[in-house]
Amino acid sequence: MEVSKFLKKHYKHFNAASLIDAAEGYKTHLNNGGKMLVTLAGAMSTAEMGIILAEMIRQDKIHAISCTGANLEEDIFNLVAHDFYERVPHYRELSAADEEELLSRHLNRVTDTCIPEEEAMRRLEHTVLKYWVKADEAGESYFPHEFFYQILLSGDLEQYYQIDPKNSWMLEAAKKNLPIICPGWEDSTLGNIYAGHVISGDVKNVHTVKTGIQYMMELAEWYTQTAKEESTIGFFQIGGGIAGDFPICVVPMLHQDLQRDGVPLWGYFAQISDSTTSYGSYSGAVPNEKITWGKLGKDTPKYMIESDATIVAPLIFALVLDM
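Using the working numbering, the first residue of the sequence shown is number 2, and each one after it goes up by one.
Here you go:
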């Protein structure tokens with residue numbers, strides 16, 4: 002049975018029904034001429050979300066992405082070092098000594114998956130450093146994702162590819178020059194590495210890599226121009242944190258801080274989260290809270306699926322793709 006038919010037959014109530022509703026709302030939004038921004042928190046790239054995310058990008062179901070620095074780089078880590086990853090299905094049983102043994106082998110654990118430092122992180126570092134230094138010496142500056150786009154499109158890493166390139170969402174995004182927002186990129190492996198190279202003097206100007214404030218300015222421009230051309234822009238949020246909170250704030254910023262009229266609110270909102278509603282938590286806040294911040298309106302279609310995004314997101318995307 003096709004995935005879509007199976008889901009529509011069996012997913013009738015509770016979070017299962019919310020999953021269907023969110024997917025149908027996503028399709029309706031696109032069919033009405035809207036665009037969609039997708040946010041990636043957590044370790045979705047290491048969870049190999051790229052397999053279906055790349056297809057969503059190929060089929061123009063995603064028009065911009067906001068993600069953490071980890072998701073930006075970890076898709077490329079997986080692209081060039083997949084065969085060196087180690088899965089640890091019994092990770093809940095690991096002792097502190099077991100964790101130290103992984104450290105001694107230069108394996109960095111993300112839940113049940115270990116990223117190999119030398120083959121993934123250092124391999125990408127050796128390449129990206131050349132691009133950082135070249136831009137620095139030329140007095141140029143680029144966003145973190147733009148450096149990755151340059152590298153991917155140059156073919157410099159092709160000799161290391163260990164998965165089918167069509168399953169890399171970053172490579173697909175690079176081909177389309179997809180708008181990417183990466184707030185807090187400094188909080189990533191490559192962000193730490195970049196800081197080290199600035200401290201050591203390999204990169205002279207810290208602003209060779211553009212910052213989060215410039216990302217917000219870029220997002221404001223994209224949102225304003227896209228909202229002029231299309232009916233509305235939707236917001237599909239995987240997880241919570243800065244990947245979601247940063248970009249959704251562009252609307253109240255345009256309204257309240259720039260005093261601009263005629264800028265529409267987000268036209269669709271859905272979130273997959275396993276964070277329970279709690280005291281002051283953004284990740285666990287119900288969508289209606291966003292009305293008070295000028296992000297969503299009372300009539301904005303809103304969906305909340307309380308579940309594991311690694312399970313739910315591929316199913317929603319499968320529905321959107323009519324798989």
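Built from N, CA and C at the ideal position, the CB exists for glycine as well. The structure presented is a predicted model; accordingly, all values stated were derived computationally and were not measured.
{"Item": "Residue from S282, N289, I243 with nearest C-alpha to T40", "Value": "I243"}
{"Item": "Spatial neighbours of A18 in its chain, beta-carbon cut-off 7 Å, leaving aside the 5 residues before and after", "Value": "Y12"}
{"Item": "Residues bridged to S201 [DSSP beta-bridge criterion]", "Value": "Beta-bridge pairing links S201 to no other residue."}
{"Item": "Whole-angstrom distance between F247 and G285, CA atom to CA atom", "Value": "15 Å"}
{"Item": "Given I77 as reference, the closest of G281, A24, L125 once Cα atoms are compared", "Value": "L125"}
{"Item": "Residue range of the unbroken alpha helix (DSSP H) whose run includes S5", "Value": "4-11"}
{"Item": "Residue from W267, D258, S46, E147 whose Cα sits closest to the Cα of T227", "Value": "W267"}
{"Item": "Proximity of H64 and M37 at Cβ, strictly below 9 Å", "Value": "yes"}
{"Item": "Three CB pairs or more closer than 8 Å across the stretch 126-137 and the stretch 200-211", "Value": "yes"}
{"Item": "Spatial distance of S274 from K291 (CA atoms)", "Value": "16 Å"}
{"Item": "Straight-line gap, W186 to V252 (C-alpha atoms, nearest Å)", "Value": "21 Å"}
{"Item": "C-alpha gap between T112 and P288, whole angstroms", "Value": "28 Å"}
{"Item": "Classification of N72 by the beta-carbon crowding that lies within 10 angstroms, buried from 16 upward", "Value": "buried"}
{"Item": "Under the three-state DSSP convention, the category I63 falls into", "Value": "coil"}
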